[in-house]
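If you use UniProt numbering, the sequence shown corresponds to residues 1 to 376, in order.
Worksheet for the structure shown next.
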Amino acid sequence: VSRLDWPPGSSVNISNPTSRARVQQQAMIDKLDHLQRLGINTVFFQVKPDGTALWPSKILPWSDLMTGKIGENPGYDPLQFMLDEAHKRGMKVHAWFNPYRVSVNTKPGTIRELNSTLSQQPASVYVQHRDWIRTSGDRFVLDPGIPEVQDWITSIVAEVVSRYPVDGVQFDDYFYTESPGSRLNDNETYRKYGGAFASKADWRRNNTQQLIAKVSHTIKSIKPGVEFGVSPAGVWRNRSHDPLGSDTRGAAAYDESYADTRRWVEQGLLDYIAPQIYWPFSRSAARYDVLAKWWADVVKPTRTRLYIGIAFYKVGEPSKIEPDWMINGGVPELKKQLDLNDAVPEISGTILFREDYLNKPQTQQAVSYLQSRWGS
Numbered sequence: 001v002s003r004l005d006w007p008p009g010s011s012v013n014i015s016n017p018t019s020r021a022r023v024q025q026q027a028m029i030d031k032l033d034h035l036q037r038l039g040i041n042t043v044f045f046q047v048k049p050d051g052t053a054l055w056p057s058k059i060l061p062w063s064d065l066m067t068g069k070i071g072e073n074p075g076y077d078p079l080q081f082m083l084d085e086a087h088k089r090g091m092k093v094h095a096w097f098n099p100y101r102v103s104v105n106t107k108p109g110t111i112r113e114l115n116s117t118l119s120q121q122p123a124s125v126y127v128q129h130r131d132w133i134r135t136s137g138d139r140f141v142l143d144p145g146i147p148e149v150q151d152w153i154t155s156i157v158a159e160v161v162s163r164y165p166v167d168g169v170q171f172d173d174y175f176y177t178e179s180p181g182s183r184l185n186d187n188e189t190y191r192k193y194g195g196a197f198a199s200k201a202d203w204r205r206n207n208t209q210q211l212i213a214k215v216s217h218t219i220k221s222i223k224p225g226v227e228f229g230v231s232p233a234g235v236w237r238n239r240s241h242d243p244l245g246s247d248t249r250g251a252a253a254y255d256e257s258y259a260d261t262r263r264w265v266e267q268g269l270l271d272y273i274a275p276q277i278y279w280p281f282s283r284s285a286a287r288y289d290v291l292a293k294w295w296a297d298v299v300k301p302t303r304t305r306l307y308i309g310i311a312f313y314k315v316g317e318p319s320k321i322e323p324d325w326m327i328n329g330g331v332p333e334l335k336k337q338l339d340l341n342d343a344v345p346e347i348s349g350t351i352l353f354r355e356d357y358l359n360k361p362q363t364q365q366a367v368s369y370l371q372s373r374w375g376s
């Protein structure tokens, strides 16, 4: 969202569009070359970080991440470029969407930028459908309970799947994202659409379920071979709340994000699920091994594949509550996690979050280890 991995932040200040595009493209090529040497076989490329796009969309304006200005054409198609370069190297690309987010903050400058798209084609959803917009977690978001919102998000995924040779589509862990001081006010939407539900929480879970079902069916109707997956928070529910939950004490997707991720797996709506198990073996509130095995049991009777998202961003970082990431450059903890993933038959792979940490000084011991384990 903030050019954390790509494009280089400095590239946005290059006024010549051709030079800027060249710098951005070279940065991507360098990253893909590095990933190829490490033996990485799939890249998750964020194409919709908010209410903007990293491809020439007929529905969304261009992302300001490329040029510094919403709606400004960067002079090339970043998604097509990524697909061409990754496929050339034998790597797959999953287009990563943040479904509901419209902006990363609600500052006056952001509102001005969103309003400035009014004269553009396409304009931001913020000005086209103000009645869909809510504030939540100090961001502008779409209200997940409005059926037209679900259809609109689905149409964006359909645009990418029908126009590009993507290998997969991924949603991350952002469903209902509230913070204590910034709750989503959807009382009116609930009054309008929630009559059949015993509680607002059940209604909200049904809203996210409806979106996942619509997107899943749409992808399969356009290109059955394109995989659809979700990368949710690592904990579905804690056992203290539900006997079917994991032996953990973490923030639960079911209760906090209103995402019944276990049910999506059981209903066959996902080709894969990639829970973010961002804790070490020693973190008693959410042990890596406890959660990985819990998810393995969930997918076992289904056809959904399980990939585990691991916290590469924590490697080498000092932490009082998780000191394991510091011991010997984090290599022993990383090795334990990867060994478990290899040993449990239901675990089909590992996803590292996130790419730029492969280039940080504190992770270099771990990067060398990955090179020796996976690389060519």
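In this text, a Cβ means the ideal position worked out from N, Cα and C, and glycines have one as well.
Does the distance from the C-beta atom of residue i to that of residue j stay below 8 Å?
{"i": "P122", "j": "P61", "result": "yes"}
{"i": "I347", "j": "A286", "result": "no"}
{"i": "I153", "j": "P99", "result": "yes"}
{"i": "P232", "j": "P275", "result": "yes"}
{"i": "L142", "j": "S216", "result": "no"}
{"i": "A259", "j": "T208", "result": "yes"}
{"i": "V43", "j": "L54", "result": "no"}
{"i": "K31", "j": "E355", "result": "yes"}
{"i": "T117", "j": "S124", "result": "yes"}
{"i": "I273", "j": "V265", "result": "yes"}
{"i": "S246", "j": "V290", "result": "yes"}
{"i": "F228", "j": "I219", "result": "yes"}
{"i": "A252", "j": "H241", "result": "yes"}
Taking only three categories from DSSP, how would you classify residue i?
{"i": "A366", "result": "helix"}
{"i": "W62", "result": "strand"}
{"i": "V23", "result": "helix"}
{"i": "V2", "result": "The amino acid occupying residue 2 in the given sequence is Ser; Val does not appear at that position. Coil at S2, not helix or strand."}
{"i": "L269", "result": "coil"}
{"i": "N73", "result": "coil"}
{"i": "A213", "result": "helix"}
{"i": "I277", "result": "coil"}
{"i": "F197", "result": "coil"}
{"i": "residue 434", "result": "Any question about residue 434 goes unanswered here, given that the chain covers just 1 to 376."}
{"i": "S319", "result": "coil"}
{"i": "A251", "result": "coil"}
{"i": "E188", "result": "helix"}
Please classify residue i as buried or exposed, where buried requires at least 16 other C-beta atoms within 10 Å of its C-beta.
{"i": "H94", "result": "buried"}
{"i": "Q371", "result": "exposed"}
{"i": "D324", "result": "buried"}
{"i": "L35", "result": "buried"}
{"i": "Q26", "result": "exposed"}
{"i": "L65", "result": "buried"}
{"i": "P108", "result": "exposed"}
{"i": "T177", "result": "buried"}
{"i": "S162", "result": "exposed"}
{"i": "R130", "result": "exposed"}
{"i": "A86", "result": "buried"}
{"i": "residue 377", "result": "The chain is shown only over 1 to 376; residue 377 falls outside these bounds and no answer can be derived."}
{"i": "I351", "result": "buried"}
{"i": "R262", "result": "buried"}
Please report the distance separating the alpha-carbon of residue i from that of residue j.
{"i": "K58", "j": "E159", "result": "8 Å"}
{"i": "N187", "j": "G250", "result": "27 Å"}
{"i": "V23", "j": "R37", "result": "21 Å"}
{"i": "Q362", "j": "L4", "result": "17 Å"}
{"i": "Q80", "j": "Y164", "result": "7 Å"}
{"i": "W132", "j": "N185", "result": "12 Å"}
{"i": "S319", "j": "Q364", "result": "18 Å"}
{"i": "L114", "j": "D138", "result": "16 Å"}
{"i": "G75", "j": "D50", "result": "20 Å"}
Mind pulling the alpha helix (DSSP H) runs of 4 or more residues that sit fully within the stretch 90-172? 108-115, 125-128, 147-163
List in chain order: all unbroken beta strand (DSSP E) runs of 3+ residues lying wholly within the stretch 322-355. 347-352
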